[in-house]
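All the letters of the sequence shown, read from the start, carry residue numbers 103 to 457 under my numbering.
Structure first, commentary second.
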Amino acid sequence: SVVIVLTPELLKRMWCAGEIVTAFKNKVTTVPLICDGFVPLTAETLEAIPDVWTAQQKQILANYGITMDDVKQAYVWVRDELSPLTLSRFGPQQQREDVVVEIVQRAKVAMKVFRSNAPTGGKVKARILITGSVTDAEALATLEVFQILVQNHLRVECAMVRSSKELLAHKPYAHYFVVLFSRGMLRDPRFAQILLSTGAGKEVEEGAEEKHLEIVTVSADTGFEFPSAEFYKELEMQGLGEGLGPESGPTLAKAYRALLNVLALPLSPLGSEGLLEKQVSEISRRFRRYKDPASAIAMDNEEDLKHGGDGVDTRALGAELAKEQKEVAAAVSTMTGTMKQDDTASDIVVSSADF
103 SVVIVLTPEL
113 LKRMWCAGEI
123 VTAFKNKVTT
133 VPLICDGFVP
143 LTAETLEAIP
153 DVWTAQQKQI
163 LANYGITMDD
173 VKQAYVWVRD
183 ELSPLTLSRF
193 GPQQQREDVV
203 VEIVQRAKVA
213 MKVFRSNAPT
223 GGKVKARILI
233 TGSVTDAEAL
243 ATLEVFQILV
253 QNHLRVECAM
263 VRSSKELLAH
273 KPYAHYFVVL
283 FSRGMLRDPR
293 FAQILLSTGA
303 GKEVEEGAEE
313 KHLEIVTVSA
323 DTGFEFPSAE
333 FYKELEMQGL
343 GEGLGPESGP
353 TLAKAYRALL
363 NVLALPLSPL
373 GSEGLLEKQV
383 SEISRRFRRY
393 KDPASAIAMD
403 NEEDLKHGGD
413 GVDTRALGAE
423 LAKEQKEVAA
433 AVSTMTGTMK
443 QDDTASDIVV
453 SSADF
C-alpha cells in the first residue's frame, strides 16, 4: 500500500513522482492524504510539472521506465479517481489519530492499531513540557514524535505546548521545559510568547515564589542558525511584533541568550527508529529528577498536594484554544474581505473618472 501525503511541494519532487507512477502502473492500493496548503492540480499546472525537473532528473526517471506522460497519467489518476482523506496538521491530536486509523483501514494493513501514549483528553499532570517552532508543520510533527518517544522511555507524562496559555496551564505541575531548535524558530512570535511565559529573561525578585522550569535544549534541525549580534540588537530595539513590541525586546533577548547558553543534544528527525530511540535515551539523562522513578513519583505527589489542583483538563483547554483560533481566523477573513471591497470601490472610481 502507498499513502501519498499531499503537501504543497510533493508533486514537484522527482522521486515522489516515480513512486506514484509505480503505484499507478502496478495497481497498488493508494490513499491520497490532503494536508493544509495543498492546491489541487489544474490542467495548466499539470502540463507545467515536467518543467520543474532538469534533463538529468528526467533521464533518471527514464532509466526506471518512467516517462513524463506516465507522470501526467498517474497524477490525473490521483486527482480524479482516488478518494482522498484530509489531514489538518495543526488540528487536534485526536482528529489526526482518527485519520491515521482510517488510512490503515483503507490500506488493509493486518495490524492492531494502538493510540499514542500522548494525552488526548481527561486531566493530566505533565512533568515535561515540549515546544519549538509550533507554526511550522514539519517542526510540529517532530515535537509530537519526540513527545511520544520521551514519554515511552521515561514513563513520565509529557505535554507539547503550542501557546503561552497552554504553558501556563501545565506549568504548576511541570519541572522541565524542552525546546527543539529548528530554522526560523527565533523569529516566531508564538514561540517567543511561550518562552517568556516560563519566566525566562525576567529578573527574579528576592522572596518570589514563582516556579521556574529547568530548560533542556535539543538540536533537531541542521538548518538552525544561532543568532548574530545584529539579531540581538534588532530584537532589543524592535521586538518581534504580534504583541511583542520594542518594550518586550530586551526581556526577550535576555531569554534567548539564557536558552541558547544551554548545550543542545542532537536529534535526527529523519533518522531510523533505532537512532531516534538512542538519541532520546541520551537526552533523557538530562531529566535527572526521573532517574529514580519511585522517588520522583513520591516527590511529584508531595508537591501536587502543596499547590493543589487535580491536573489540566486537556480536552476543555484544547476546545477553548480551538475556539479562539476560529475567532481570530474569522476576524482576519472579515478584515481581508473589507480590504478587497475598498480596493474594488477605488478601482470603480478611477475607471469612471476615465470616462
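By construction, the Cβ of each residue, glycine as well, lies at the ideal position given by its N, Cα and C atoms.
query: Is it the case that the Cβ atoms of Thr300 and Lys267 are separated by a distance below 9 Å?; result: no
query: Quick check on Pro134: buried or exposed, where buried means 16 or more other Cβ atoms within 10 Å of its Cβ?; result: buried
query: Only counting the same chain, and skipping five residues up and downstream in sequence, which positions put a Cβ closer than 8 Å to that of Met401?; result: Arg391
query: If I'm right that His277 touches Leu315 with Cβ under 8 Å, what's the distance once you round it to whole angstroms?; result: 7 Å
query: Flag this pair as yes or no: are the beta carbons of Val211 and Leu378 separated by less than 9 Å?; result: no
query: Does Thr353 come out as helix, strand or coil in the three-state DSSP assignment?; result: helix
query: As a quick exercise: from Val154, Thr147, Ala119, pick the residue whose alpha carbon is nearest that of Asp172.; result: Ala119
query: Evaluate Met287 with the Cβ neighbour count: other Cβ atoms within 10 Å of its Cβ, from every protein chain shown; 16 or more gives buried, anything less gives exposed.; result: buried
query: Let me know if Thr416 comes out buried or exposed under the rule of 16 or more other beta-carbons within 10 Å of its beta-carbon.; result: buried
query: Note down, in chain order, each residue of its chain lying with its Cβ closer than 6 Å to the Cβ of Ser321, except the 5 sequence neighbours on either side.; result: Phe283, Ala366, Pro368
query: Between which two residues does the alpha helix (DSSP H) carrying Ala243 extend?; result: 239-256
query: Which full runs of the alpha helix (DSSP H) of 4+ residues lie inside the segment 370-412, going along the chain?; result: 375-385, 395-409
query: Could you please give the first and the last residue of the uninterrupted beta strand (DSSP E) stretch that includes Val105?; result: 104-108
query: Could you check if Thr156 is buried or exposed, using at least 16 other CB atoms within 10 Å of its CB as the buried criterion?; result: exposed
query: Are the segment 201-209 and the segment 145-160 touching by the rule of at least three beta carbon pairs closer than 8 Å?; result: no
query: Flag this pair as yes or no: are the beta carbons of Ala421 and Leu354 separated by less than 9 Å?; result: no
query: Would you mind stating whether Ile230 and Val252 have Cβ atoms separated by less than 9 Å?; result: yes
query: For Asp415, write down the residues that DSSP places opposite it in a beta bridge.; result: Lys225
query: On the DSSP bridge assignment, give the partners of Phe283 in chain order.; result: Ser321
query: Do you know whose CA, among Glu146, Trp117, Ala145, Ala271, lies nearest Gln158's CA?; result: Trp117
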